[in-house]
Each structure stands twice: as C-alpha cells, then as structure tokens.
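Undergrad:
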Amino acid sequence: MRPTLARRLLAALATATLVAGGTAGCGDDGDRSTDAEGKIINVFSGANAGFVPNFNPFSQNSVAGTMSVLYEALLYFNGARADDVQPQLATGYEFADNGRRLNFTIREGVKWSDGKPFSAEDVAFTFTLIKDNPKLNQNGLPIVEAVATDPTHVTLTFSQGVYTRLNLIAGRTWIVPKHIWSTIADPSAYTNEKPVGTGAFTVASFSQQNYVFERNPNYWESGKPKIRGMRFHQFASADSAIAALAAGQLDWAGSFIADIDKQYVSKDPEHNKYLNESQLYLTNLIPNLDRAPFDSGAVRRAISLALDRDQIIRLAFSGYGKEASPAQLPRPLWDDYIKPEYKDRKLEFDPARAEQTLQADGWAKGADGVYAKAGRRLSFTVKVVQGYNDYISALQIMGQSLKSVGIEMKTQEVSFTAFSTDQQTGDFDVIITNLYSEGTAYSWYSRAFASKTTAPLGQQAGSNYGRFRNAAVDAALLAMENTPPDQRDAIREHLFKIQDVIVEELPYIPIQQSSSLIEYRTENIGNFPTEQNHYALTTPYNGPDMGIVAKNLTPAG
C-alpha cells in the first residue's frame, strides 16, 4: 500500500493555494553545485516526519530508495508499459515443471557495494531466508527450495505453479548479500543502518532532516549512474514541499498540486515540468456486497447511472483524473488485455435510467423523496479517511447527484487506522478508496475480485474488501495461474471472461482513473521519463521504477 498511501497523504495535506513566495530549507549550496562527478539532486518522496534509519529491504518501514536504489531484483517489470520485462541481476529465466520451478541465469561481474563478488549463492540465500522467516515473506511466495547449481545459475522450487507471480518473485524480491545477512539473528527486526547492496547508489550520510545517496563506484552497469547522488528531504506539510518546489529547491517530487500549471509550471516555465502518472490507481466506491441493499445489482447500477464522473473529476480532482474503464483496468496501459467491446465503452450518466432501474427492481419513492422497498429506505453511509479532501469533495458532489434520483448518501470521516480496520473486517456500507496492483492484469483482478482474497464479515479480507465472490471469475483466475506468461492469447481469453462478469454485475462502482502528479526540474537533471520515452514510472517513492529512473538520470547541460 505504500505508493497509494504516500499519494493519498499528500493529497490530504495539500491545499488549493500555493504559499506565494514560500521557502523551505533544502540543505546548503553544495546540494546544487556542479563538479566533474555531476550533481546531487534534491528529492521529496512524501515524508512528513523526521527520518528514522531503516534500510531493511524486507521492512515496510524502510526509507524511500531502499528497494531498487540500494537493493535490486532479478528482473525489472516496467510499471509504465505492459509486457516490458528487462534483465537486472538475472539475464534470463525459464519455467519448468508446470510452473512449479524457475531457473534463473545470474549476471556475471556484479559486485556488492563493499566490493565483494555477487553470485548465485546470494540469490539462493535470499529466497531461503524468506522461506525460513515468514515475516519476510510479504508476497506470500510458496517457496520450497532455492539452490545455486553453479555461480551463475539458481533453481527455485515452489509448492504450486507460480506463472502469475513472476513479477513478485523476480521483480519485487530484493537480493541481499549472504556474507552479511547470514549473521543476522532476526532479519525482520534488523534496521540495516549500513546497507550493502548491488544498486547504483550507496548511503553517504543520514540525519533526521535528510539523507544522501551517492554513486556506487562498483556498480555493474557501465557508465551509470551519471548523477553524483540524491538528497531526500522531509517537510512538515505538503504546503512546505510545494513552496520548495516553486522556489526551485527540489528537483524531483510527487506532490498533489491543485492547478499545477499556474501554481508550479508558471513559476519557471523553462525548467518546471511534470508528468501525470494516471495508470497506477483506480478510485472506486466499494459497496459491501454482504450487506443489503448492495447485494442487489440493480442498486449498484442505479448509483453508477446517477453519477456525473466528468463533473466529479473536474471539481473534486482538479481535472487530473481520467475516465475509468468499466473493465477495471487502467488505460492505455492494459488496452491489449481489454475485450474489444469494452475498450471504448463509457460508464453511463443517465439519472432517468437510474430511477427506472430502481423502479424495475421494486423500489418506490416515499413521501420524503427517497426510494424504499419492503420498509427499507435506500439510504447508506460512505466511510472516508479524515483529511482526504479530494475524496470528501467528490462525495459531496455524489451526494447531491444521488439525492436528485431518490437515493440518500451520508458521509462518515474516520481516522486512517479506523478506516483500514473497517475496510478489512467489512464494517461499512460503502468505502471510497483506490485499487492498485503489483503490475499485472492478473494482479488487478485477483486483488479486487478473487474469492480467496476476501473473508466473511468480521474477519480480515486481504484485498477484496467488497466481499465479491463469483465462480466464473475464480475459475478464470485459476486458469491464468496455470498459463505460462508467453501464452498471451490464452491469458486474454481468461481476462475477457472476468471482464464479462465485472461489466455485467458492477461489483464496484468506478469513479476515475486516478492521477499521481510527478514534478521535476530540467535545470538540474536530464533524461527524465516522458510520455514519449516512458522507460519507467516516475514516482520518487515507488520501487522498482524509482531505482531505474535514478540510475538513468543525467546532469542537465
């Protein structure tokens, strides 16, 4: 959840007005100096409290950059382009035994940042460490055995087929050095304050106010990185971070800025640039399908028909969001995996049809203007996190739209902790939140719609918070789990079956394809990803893409 949470916290803290002429300290003049080795650029990853030294790549509390900047995975799965898989610490892989075995060829000539040689033994050790320490196995990998058959080959054996988990195994498992981690008594609690990795940077300094990564002289990829390093900053509020951006004191950030062209770009049109990464999240109303009246597809469809999404995106989300696909996959990233008849289908806005849908389902409007059925008024409450101002604004707009068609929607603001608990246990009528994935179309659907990722009311659901269960969807997901990733036509057919169910039943109510605004300054850095050259996602808080961007940046000029 870290990328989603980081973006949401920034959105909650940001206001519509930039602090005119505001400043925020970003270190001394050396931060911006140029020398023969390049520059140290200034980065804001969303931190709003003092930094605590934790570079454990298995910890959810590690500081930004630990994963992918300091530690690397075997392969890189480009979050900005579907089916773009690149070699990193491994140069090749192959499945065997119906997907229960993975053989990797390990890159030669790699060194750890302390100068010691990297080999297949380190890879086998890392996966064995995860197997033997369940707290480290955050991706739930069914590892049976990890063996280095020689210095450049590793065989991983699993208790079941893992075709759909290649990204988690090879793209989101961070390899650690055996010569250090084999001596750690409790790797889950280890803060790793002097990290040794294979990444393009190493830790140069650390304080509560900022920390610095500098170029790893032992890095395996010739000629990279070209910048000297990165200094990560924390700010007490998003306003302070935005002021620093406007003052030219940050080179790379991921802050929500209302009216970004006026509040940021116009301060220095030549150098202040941004990207709208709109393929990461899908904002949804998620109804509790185990509670009436949301067990009725007619009610869900009526709510959806009553919502003017163009108005919601324009007024509540500053126009940054995009229309969501009824197939519940981000576009255009996953266009090749959306059934042709759904690719350009829009979510309809038709208030008259919303009422007709309710009437056909047996609802009748009462004297108070609210529909009722069998003595139950069509009234419900949406839970939202306190301070998520864009969501709260969106709900206000939705409430007015629903009221006009005879549906009463209330809003309850709760703390983040309470929201997290309630969404997991199913203690809600409806919640508003983002859906996301681990980078595959299978993951989008498994996380949101698989029966195995939900739970009975009162028990913690893994990710299917709406309690959606459908045998056809489960069967298609299981078929995908047993389909090799190179059989794309077969995978598409399974996905199309899932989309048929989702479009027909509308288990969740899509609101928008969410935006993540990423700011950067071309005065100090070059070769930043662009829409024309999207070689990685640009988020400064998200591994593995963050590390790919960092090592490919160049000093400007």
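Using the numbering used here, the first residue of the sequence shown is number 3, and each one after it goes up by one. Positions of the beta carbon are idealized from the N, C-alpha and C atoms, including for glycine.
From residue 303 to residue 505, what does the alpha carbon distance come to, in whole angstroms?
TA: Between residue 303 and residue 505, the C-alpha separation is close to 10 Å.
Undergrad: With 8 Å set as the bound, which would you pick, yes or no: does the beta-carbon of residue 303 sit closer than that to a beta-carbon of chain B?
TA: Absent from the structure is chain B; it holds one protein chain and no more.
Undergrad: Hey, would you say residue 76 sits closer than 8 Å to residue 106, going by beta carbons?
TA: Yes, these two residues count as a Cβ contact at 8 Å.
Undergrad: Who are the near neighbours of residue 388 in its chain, counting only those whose CB is closer than 7 Å to its CB and skipping five residues on each side?
TA: Result list for residue 388: 415, 416 and 417, in chain order.
Undergrad: Candidates 377, 175 and 194: which alpha carbon is nearest residue 440's?
TA: For the residues 377, 175 and 194, the minimum Cα distance to residue 440 belongs to 175.
Undergrad: Do residue 468 and residue 455 have their beta-carbon atoms positioned less than 8 Å apart in this structure?
TA: Their beta carbons are not under 8 Å apart, which means residue 455 does not touch residue 468 by this criterion.
Undergrad: For residue 185 and residue 139, what's the separation of their Cα atoms in angstroms?
TA: Using only the alpha carbons, I get a separation of about 19 Å.
Undergrad: Go to residue 566, then tell me how far its beta strand (DSSP E) extends in each direction, as first and last residue.
TA: No answer is possible for residue 566: it lies beyond the span of the chain, which begins at 3 and ends at 559.
Undergrad: By how many angstroms is the C-alpha of residue 534 removed from the C-alpha of residue 326?
TA: Roughly 22 Å between the two C-alpha positions.
Undergrad: In chain order, what residues of the same chain have a beta carbon less than 6 Å from the beta carbon of residue 87, not counting five sequence neighbours either side?
TA: Excluding residues within five positions, the ones whose Cβ falls inside 6 Å are 77 and 79.
Undergrad: May I have a chain-ordered list of the alpha helix (DSSP H) segments no shorter than 4 residues that lie completely inside the segment 295–326?
TA: For the segment 295–326, whole alpha helix (DSSP H) runs of length 4 or above, ordered along the chain, are 299–307 and 311–318.
Undergrad: Going residue by residue through the segment 214–271, where are the continuous beta strand (DSSP E) segments of at least 3 residues, counting only ones entirely within it?
TA: Here the runs fully enclosed are 231–235.
Undergrad: How many angstroms separate the CA atom of residue 354 from the CA atom of residue 311?
TA: Each residue's alpha carbon lies about 16 Å from the other.
Undergrad: For residue 360 and residue 399, I'd like the C-alpha separation in whole angstroms.
TA: Approximately 21 Å between the Cα atoms of the pair.
Undergrad: Give the C-beta separation of residue 163 and residue 72 to the nearest angstrom, bearing in mind that I take them to be a contact with Cβ-Cβ under 8 Å.
TA: Contact flag wrong, Cβ pair sits at about 32 Å.
Undergrad: Below 8 Å between beta carbons: does that hold for residue 558 and residue 550?
TA: Their beta carbons are not under 8 Å apart, which means residue 558 does not touch residue 550 by this criterion.
Undergrad: Straight-line CA distance for residue 313 to residue 233?
TA: Cα-Cα distance, rounded: 40 Å.
Undergrad: Which class does residue 496 belong to by DSSP, given the choice of helix, strand or coil?
TA: Reduced to three states, the DSSP call for residue 496 is helix.
Undergrad: Grouping DSSP H, G and I as helix and E and B as strand, with all else coil, what is residue 53?
TA: Coil.
Undergrad: Do the CB positions of residue 531 and residue 84 come within less than 8 Å of each other?
TA: It is not a contact, given that the beta carbons lie outside the stated cut-off.
Undergrad: How big is the Cα-Cα spacing for residue 511 and residue 286?
TA: About 5 Å.
Undergrad: Considering only C-alpha positions, which residue in the set 129, 281 and 541 is nearest to residue 334?
TA: Comparing Cα-Cα distances from residue 334 to each of 129, 281 and 541, the minimum goes to 281.
Undergrad: Tell me the rounded alpha-carbon separation between residue 519 and residue 136.
TA: Rounded to the nearest angstrom, the two C-alpha atoms are 35 Å apart.
Undergrad: Alpha carbon to alpha carbon, how far is residue 121 from residue 90? Give it in angstroms, no decimals.
TA: When rounded, the distance between both Cα atoms is 13 Å.
Undergrad: Once the 5 residues before and after residue 141 are set aside, which same chain residues still bring their CB inside 6 Å of it?
TA: Only 170 meet the Cβ criterion.
Undergrad: Going by other Cβ atoms of all chains shown within 10 Å of its Cβ, with 16 needed for buried, is residue 104 buried or exposed?
TA: Under this definition residue 104 is a buried residue.
Undergrad: Cβ-heavy atom distance between residue 135 and the ligand FMN below 7 Å?
TA: In the structure on display, the ligand FMN does not appear, and there are no ligands present to speak of.
Undergrad: Would you call residue 466 buried or exposed, if buried means 16 or more other Cβ atoms sit within 10 Å of its Cβ?
TA: Label assigned to residue 466: buried.
Undergrad: Taking the C-alpha atoms as reference points, what is the distance between residue 501 and residue 283?
TA: If you take the alpha carbons of residue 501 and residue 283, they lie about 18 Å apart.
Undergrad: Using a Cβ-Cβ cut-off of 6 Å (strictly less than) and excluding sequence neighbours within five positions of residue 393, which residues of its own chain qualify?
TA: These residues qualify, in order along the chain: 386 and 434.
Undergrad: Restricting to Cα atoms, I'd like to know which of 45, 541 and 55 is closest to residue 192.
TA: The option with the nearest alpha carbon to residue 192 is 55.
Undergrad: Please return the same chain residues whose Cβ sits closer than 8 Å to the Cβ of residue 2, not counting the five positions on each side in sequence.
TA: Only positions 3 to 559 of the chain appear in the structure, and residue 2 is not among them; the question remains open.
Undergrad: Among all the DSSP beta bridges, which residues are the ones paired with residue 88?
TA: Its beta-bridge partners are 78.
Undergrad: Below 8 Å, can you find three or more Cβ-Cβ pairs linking the segment 203–212 to the segment 229–246?
TA: Counting Cβ pairs under 8 Å, three or more are found: they touch.
Undergrad: Who are the Cβ neighbours of residue 484 in its own chain at under 8 Å, not counting the five residues just before and after it?
TA: Only 100, 101, 163 and 165 meet the Cβ criterion.
Undergrad: Which residue from 546, 553 and 151 puts its Cα closest to that of residue 172?
TA: Nearest C-alpha to residue 172: 546.
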